[in-house]
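Here the sequence shown stands for residues 80 to 280, numbered as in the numbering used here.
Beneath this line is the structure, given in structure tokens, with notes to follow.
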Amino acid sequence: TRYVPQPSGNLGYFWRATAQDPRPIIVHEGIPGHYFQLCLSWKHEDPIRRHYYDSGANEGIGFYAEEMMLQAGLFDDSPHSREIIYNFIRLRALRVEVDVKLALGQFSLEEAAKYLEQKVPMDGQTARQEAIAFSTGPGQALTYQIGKLQITQLLAEARLQQGDKFNLRAFHDFVWKNGNVPIALQKWEYLGKNGEVPVAK
Numbered sequence: 080t081r082y083v084p085q086p087s088g089n090l091g092y093f094w095r096a097t098a099q100d101p102r103p104i105i106v107h108e109g110i111p112g113h114y115f116q117l118c119l120s121w122k123h124e125d126p127i128r129r130h131y132y133d134s135g136a137n138e139g140i141g142f143y144a145e146e147m148m149l150q151a152g153l154f155d156d157s158p159h160s161r162e163i164i165y166n167f168i169r170l171r172a173l174r175v176e177v178d179v180k181l182a183l184g185q186f187s188l189e190e191a192a193k194y195l196e197q198k199v200p201m202d203g204q205t206a207r208q209e210a211i212a213f214s215t216g217p218g219q220a221l222t223y224q225i226g227k228l229q230i231t232q233l234l235a236e237a238r239l240q241q242g243d244k245f246n247l248r249a250f251h252d253f254v255w256k257n258g259n260v261p262i263a264l265q266k267w268e269y270l271g272k273n274g275e276v277p278v279a280k
């Protein structure tokens, strides 16, 4: 059974990327992305952490995983696959603008879809689906970019604070296991920095 369609100009944006090389989608949705992270977090000893869901942490991990595997050399054998990852990075950046403009009433659904279709670029049907999704869940499209940036900032601060004792695998294990809660809370727990977490008085 073939689950990935043959490459074709008639495929939508994500199906076309998957048909050309399924690895970028697998990395985000599967391993080491959402599937792997949720398998770990659903075994967390704290029931709240097992069931709570923060889109910033969750989508941040998926997006971070794409770039992590790019930097690790997974796509070195295929310049076109690297191009897919770079295009996904551009999509996430453009989603921020579209999400905000839809929420502020500066874009109609049609304008948002046309903007994505031209700037990403992507097919019209996928662009419209994206615009509808952002209009019904304001702020969600921001979470990919913000979540990834928070993780990379946490990584940089952990390396500085821990110096030679820093262990990348231990860092990833911690973030993946706790990935259902906000990165700001993870930063407090991992580094002892609570400046981004409101404290009750």
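Backbone N, C-alpha and C fix where the C-beta goes; we use that ideal spot for every residue, glycine too.
Predicted, not measured: the structure shown is a model, and the values here were computed from it.
Which residues in the same chain as residue i place their Cβ atom closer than 6 Å to its Cβ, once the five residues preceding and following it in sequence are excluded?
i	result
residue 140	116, 258
residue 159	none
Residues in the same chain with beta-carbon distance under 7 Å from residue i, minus the five sequence neighbours each way, listed in chain order, please.
i	result
residue 237	245, 250, 269, 270
residue 134	219, 222
residue 260	128, 131, 133, 136
residue 53	Missing from the structure shown is residue 53; the chain here goes from 80 to 280 and no further.
Looking only at its own chain, which residues have a Cβ that is under 8 Å from the Cβ of residue i, when we skip the five neighbours before and after it?
i	result
residue 177	186, 191, 194, 195, 209, 210, 213, 220
residue 80	Residue confidence is low: residue 80 scores 47 on pLDDT, short of 50, so the model does not pin down where it sits. No coordinate-derived value is stated.
Rounded to whole angstroms, how far is the Cβ of residue i from the Cβ of residue j, which I believe are closer than 8 Å?
i	j	result
residue 224	residue 172	6 Å
residue 91	residue 204	6 Å
residue 86	residue 164	In fact, because the Cβ distance is near 17 Å, the residues do not count as touching under 8 Å.
Count the CB pairs spanning the segment 245-265 and the segment 108-121 that are closer than 8 Å, and state whether there are at least three.
yes
Between the segment 185-193 and the segment 97-113, do at least 3 Cβ pairs fall closer than 8 Å?
no
Quick check: the segment 144-152 against the segment 164-171, are at least 3 beta-carbon pairs closer than 8 Å?
yes
Contact the segment 220-231 vs the segment 262-272: 3+ CB pairs below 8 Å:
yes
Could you give the uninterrupted runs of the alpha helix (DSSP H) lying entirely in the segment 113-151, keeping only those of 4 residues or more?
113-120, 126-130, 134-150
In chain order, each alpha helix (DSSP H) run of at least 4 residues that lies wholly inside the segment 237-274
247-256, 262-270
Report the start-end ranges of each alpha helix (DSSP H) in the segment 151-239 that is 4 residues or longer and not cut off at the edges.
158-182, 188-198, 203-215
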